[in-house]
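**Student:** Line by line, the protein sequences are chains U and L.
The letter at position 141 of the first sequence is residue 141 when you use full-length UniProt numbering, and the numbering goes up by one with no holes.
The letter at position 177 of the second sequence is residue 177 when you use full-length UniProt numbering, and the numbering goes up by one with no holes.
We treat Cβ as the ideally placed atom computed from N, Cα and C, and that holds for glycine.
These numbers were taken from a predicted model, which means no experiment stands behind them.
There are 2 protein chains.
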Amino acid sequence: MSQQRHGSTPGEADGVPAFPDLPEATIARLPEYLRALHHLAEAGAETVSSEGLAAAAGVNSAKLRKDLSHLGSYGTRGVGYDVALLVDQIEYILGLDENRAVCLVGVGNLGHALAGYAGFASRGFRVVALFDADRKKVGEVINGLSVRHIDDLAQVAAEESIAIGVIATPPASAQVVADGLVAAGVTSILNFAPCVLSVPPNVDVRKVDLAIELQILSFHEHRKASLTALPGGVVDGAGDQEAVGS
Amino acid sequence: MSQQRHGSTPGEADGVPAFPDLPEATIARLPEYLRALHHLAEAGAETVSSEGLAAAAGVNSAKLRKDLSHLGSYGTRGVGYDVALLVDQIEYILGLDENRAVCLVGVGNLGHALAGYAGFASRGFRVVALFDADRKKVGEVINGLSVRHIDDLAQVAAEESIAIGVIATPPASAQVVADGLVAAGVTSILNFAPCVLSVPPNVDVRKVDLAIELQILSFHEHRKASLTALPGGVVDGAGDQEAVGS
DNA sequence: AGGCGCTTGTGAAGGCGTGCACAAATCGCG
DNA sequence: CGCGATTTGTGCACGCCTTCACAAGCGCCT
Numbered sequence: 001m002s003q004q005r006h007g008s009t010p011g012e013a014d015g016v017p018a019f020p021d022l023p024e025a026t027i028a029r030l031p032e033y034l035r036a037l038h039h040l041a042e043a044g045a046e047t048v049s050s051e052g053l054a055a056a057a058g059v060n061s062a063k064l065r066k067d068l069s070h071l072g073s074y075g076t077r078g079v080g081y082d083v084a085l086l087v088d089q090i091e092y093i094l095g096l097d098e099n100r101a102v103c104l105v106g107v108g109n110l111g112h113a114l115a116g117y118a119g120f121a122s123r124g125f126r127v128v129a130l131f132d133a134d135r136k137k138v139g140e141v142i143n144g145l146s147v148r149h150i151d152d153l154a155q156v157a158a159e160e161s162i163a164i165g166v167i168a169t170p171p172a173s174a175q176v177v178a179d180g181l182v183a184a185g186v187t188s189i190l191n192f193a194p195c196v197l198s199v200p201p202n203v204d205v206r207k208v209d210l211a212i213e214l215q216i217l218s219f220h221e222h223r224k225a226s227l228t229a230l231p232g233g234v235v236d237g238a239g240d241q242e243a244v245g246s
Numbered sequence: 001m002s003q004q005r006h007g008s009t010p011g012e013a014d015g016v017p018a019f020p021d022l023p024e025a026t027i028a029r030l031p032e033y034l035r036a037l038h039h040l041a042e043a044g045a046e047t048v049s050s051e052g053l054a055a056a057a058g059v060n061s062a063k064l065r066k067d068l069s070h071l072g073s074y075g076t077r078g079v080g081y082d083v084a085l086l087v088d089q090i091e092y093i094l095g096l097d098e099n100r101a102v103c104l105v106g107v108g109n110l111g112h113a114l115a116g117y118a119g120f121a122s123r124g125f126r127v128v129a130l131f132d133a134d135r136k137k138v139g140e141v142i143n144g145l146s147v148r149h150i151d152d153l154a155q156v157a158a159e160e161s162i163a164i165g166v167i168a169t170p171p172a173s174a175q176v177v178a179d180g181l182v183a184a185g186v187t188s189i190l191n192f193a194p195c196v197l198s199v200p201p202n203v204d205v206r207k208v209d210l211a212i213e214l215q216i217l218s219f220h221e222h223r224k225a226s227l228t229a230l231p232g233g234v235v236d237g238a239g240d241q242e243a244v245g246s
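1) At a Cβ threshold of 7 Å, is ARG100(U) touching chain L?
2) For the 8 Å Cβ check, are there 3 or more pairs between the stretch 88-101 of chain L and the stretch 92-99 of chain U?
3) Can you tell me whether DSSP reads LEU227(L) as helix, strand or coil?
4) Closest by CA to LEU197(L), which one among ALA211(L), VAL166(L), LEU217(L), HIS222(L)?
5) Taking DSSP as the reference, what is the three-state secondary structure of VAL177(U)?
6) How is the beta strand (DSSP E) around ILE167(L) delimited, first residue to last?
7) Buried or exposed: which applies to GLN155(L), given that a residue is buried once 16 or more other Cβ atoms fall within 10 Å of its Cβ?
8) Using three-state DSSP, classify GLN3(L) as helix, strand or coil.
9) Less than 7 Å between CB atoms is the rule here; does ASN60(U) satisfy it with respect to chain L?
10) Which residue comes first and which comes last in the alpha helix (DSSP H) that contains SER69(U)?
11) Just confirm the distance between the C-beta atoms of ALA57(L) and GLU32(L), as a whole number of angstroms; I'd bet it's less than 8 Å.
12) Between the stretch 209-224 of chain L and the stretch 144-164 of chain U, can you find at least three pairs of beta-carbon atoms closer than 8 Å?
13) Less than 7 Å between C-beta atoms, sequence neighbours within five positions excluded: which residues of the same chain meet that for VAL48(L)?
14) Can you give me the Cβ contacts of GLY139(L) inside the same chain, cut-off strictly under 8 Å, excluding the 5 residues immediately before and after it?
15) In this structure, how does DSSP classify ASP21(U) when only helix, strand and coil are distinguished?
16) Straight-line CA distance for PRO23(L) to GLN89(L)?
17) Can you tell me whether DSSP reads TYR74(U) as helix, strand or coil?
18) Where LEU227(L) and VAL107(U) are concerned, what is the direct C-alpha to C-alpha distance, given to the nearest angstrom?
19) Let me know the beta strand (DSSP E) ranges lying completely inside the UniProt domain "CoA-binding" (95-196) of chain U, each 3 residues or longer, listed in chain order.
20) Leaving aside the five residues before and after GLU159(U) along the sequence, list all residues of the same chain whose C-beta is less than 8 Å from its C-beta, in chain order.
21) Between the Cα of LEU71(L) and the Cα atoms of SER61(L), ARG77(L), LEU86(L), ALA115(L), which residue gives the shortest distance?
22) With distance defined between alpha-carbon atoms, name the residue in GLY124(U), ILE142(U), LYS224(U) nearest to LEU210(L).
23) Any beta-carbon of chain U closer than 7 Å to the one on GLN215(L)?
24) Would you identify the three-state DSSP class for VAL83(U), choosing helix, strand or coil?
25) Within the same chain, show all residues whose beta-carbon is closer than 8 Å to that of GLN175(L), passing over the 5 residues directly before and after it, in chain order.
26) Helix, strand or coil for ALA13(L), going by three-state DSSP, please let me know.
27) For VAL186(U), which residues from the same chain have a beta carbon less than 6 Å from its beta carbon, with the 5 sequence-adjacent residues on both sides left out?
28) Taking only beta-carbon positions, decide if ASP132(L) is within less than 7 Å of chain U.
29) Determine the closest residue to residue 289(L) out of HIS222(U), ARG223(U), LYS224(U), GLU213(U), with distance taken between C-alpha atoms.
30) Using a Cβ-Cβ distance under 7 Å, would ALA172(U) count as near chain L?
31) Along chain L, in chain order, which residues have C-beta atoms closer than 8 Å to that of ILE167(U)?
32) I want to verify the contact list: residues of chain L whose CB lies under 8 Å from the CB of HIS112(U), in sequence order.
33) Using 10 angstroms around the beta-carbon of VAL244(L), count the other beta-carbons present and answer buried if the total reaches 16, otherwise exposed.
34) According to DSSP, is ASP209(U) part of a helix, a strand, or is it coil?
35) Taking Cβ positions only, does HIS38(L) come closer than 7 Å to chain U?
36) At 9 Å on the CB atoms, spell out the chain L contacts of VAL208(U), in chain order.
Following this line, the structure appears as structure tokens:
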């Protein structure tokens with residue numbers, strides 16, 4: 001690779017392009033590495049070996065090295081990775097230094113919890129608005145933010161540039177809300193409603209379905225139960241953490 | 001394949017073994033198909049084509065056919081798939097006919113919402129117990145269930161056979177809780193705490209980290225922003241739903 | 001009864017991701 | 001100043017998953 005890197009702004013080091021076309025699987029793991037790095041930094045570590053960081057993030061060390069190599073060479077052979085430098089680099093790649101504005105639609109059971117979730121603010125996001133279609137909920141204050149009616153979405157989006165919309169409505173309303181978010185210029189959506197959304201191709205949708213996660217676990221339970229009833233007995237069973245993406 | 005299938009109990013049709021070793025990627029999609037099928041059944045559909053079901057589930061039709069072919073042949077050429085039959089078959093494979101017992105540990109912000117989430121009960125799961133380490137929360141009644149102290153876990157597990165444990169505690173407590181669940185005989189864990197759990201190899205862990213989902217979306221925002229600033233302009237951007245697993 | 005259109009099930013090819021194993025590079029010590 | 005210990009970065013092979021394209025099968029219409 002190339003020498004002399006400390007100093008310049010992250011991502012624009014020298015020869016490395018700002019967007020090295022990271023594999024999707026790598027992107028999904030970067031946040032995990034970042035969390036582990038923050039943990040290490042708080043513990044006072046200056047550098048980490050790939051082995052150490054891999055263990056903290058729950059992945060294979062070879063995989064970690066390959067992932068990090070994709071975003072340029074930020075390690076030192078014989079020493080390891082500079083924790084602070086790597087944190088900056090990953091945060092830059094993930095765009096977390098821009099402190100993106102997030103809005104949440106649907107202040108029901110789940111939405112209420114999400115609105116109060118501290119993990120968002122502490123990891124680079126600002127929840128700037130809460131919406132609901134139910135006029136009875138409008139005005140309610142949650143975590144310092146007051147709930148507004150969904151019809152105000154366009155107006156609020158014009159004031160604050162909203163990067164990400166979170167949908168926590170019943171499935172029947174989700175598509176309408178998604179259309180509204182897209183119309184308001186939102187290009188990333190996190191969908192908690194158990195349904196398929198159709199959006200323009202330039203909009204990214206990620207989905208989290210709590211029941212699906214349970215059903216996948218249920219399958220493995222079923223499988224394990226039918227295996228123990230057979231000669232082979234308990235063989236293995238995955239062992240380490242499975243990612244929730246793909 | 002084989003003829004004559006209607007009639008016998010699902011999964012034990014005739015030549016097909018109960019566990020055809022489904023690819024992990026297929027398993028992750030089965031719940032999505034199931035949801036779409038229930039939707040179709042409510043709309044009164046008797047049969048669906050792979051094209052139709054694929055559209056409803058947000059996937060490629062070839063992928064859907066291959067997925068379904070893995071669990072035996074339950075379609076009719078020229079006609080499509082029998083909706084009711086397929087529902088039974090998928091529910092059997094996923095083990096949803098056993099109405100598994102779920103316990104939830106950590107009745108904080110998020111845990112509270114999960115305890116009240118209707119989607120669990122409606123999709124084949126029974127939340128049978130809520131736990132928390134905070135004595136001030138013990139006794140609180142949520143959705144008809146009263147919160148018990150975490151020390152009672154072993155006792156409750158002995159009474160009701162708990163299949164799945166959900167962890168919604170702060171990350172610092174998550175490992176201790178996981179150890180407790182494992183000791184109580186739980187072999188599947190759904191972890192909402194942002195940390196890595198280490199468990200014996202026969203225990204399955206799935207993880208849901210809300211902040212990670214946002215960070216992945218943030219990356220794509222960052223990427224899109226840096227692309228529009230370049231000659232190529234907006235090219236595509238995925239188009240359809242991305243799974244949250246992988 | 002025969003043919004035609006529609007739909008499933010699957011063989012084959014290609015791409016992506018993982019993990020091994022090792023060469024290259026750096027630091028510290030004698 | 002040179003050597004050995006240590007750790008990164010990566011070429012390579014393997015396996016999983018996706019996608020295409022098409023043959024086989026089924027029902028309906030004439």
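**Tutor:** On the basis of the coordinates in this document:
1) yes
2) no
3) helix
4) VAL166(L)
5) helix
6) 164-167
7) exposed
8) Because GLN3(L) carries a pLDDT of 38, less than 50, the predicted location of this residue cannot be relied on, and no value is offered for it.
9) no
10) 61-70
11) 5 Å
12) yes
13) LEU40, GLY80, TYR81, VAL83
14) SER146, VAL147
15) coil
16) 17 Å
17) coil
18) 34 Å
19) 100-105, 125-132, 145-149, 162-167, 188-191
20) none
21) LEU86(L)
22) GLY124(U)
23) yes
24) helix
25) CYS195, LEU197, SER198
26) Here the model assigns ALA13(L) a pLDDT of 48, short of 50, so the residue's position is not dependable and the matter cannot be decided.
27) ILE162, GLY165
28) no
29) This structure cannot speak to residue 289(L), because chain L is shown only from 1 to 246.
30) no
31) Simply none; closest approach about 12 Å.
32) ALA113
33) Because the pLDDT of VAL244(L) is 44, which lies under 50, any placement of that residue in the model is unreliable, and the number read from its coordinates should be weighed accordingly. Buried, since its Cβ has 16 or more Cβ neighbours within 10 Å.
34) coil
35) no
36) VAL208, LEU210, GLU213, VAL244
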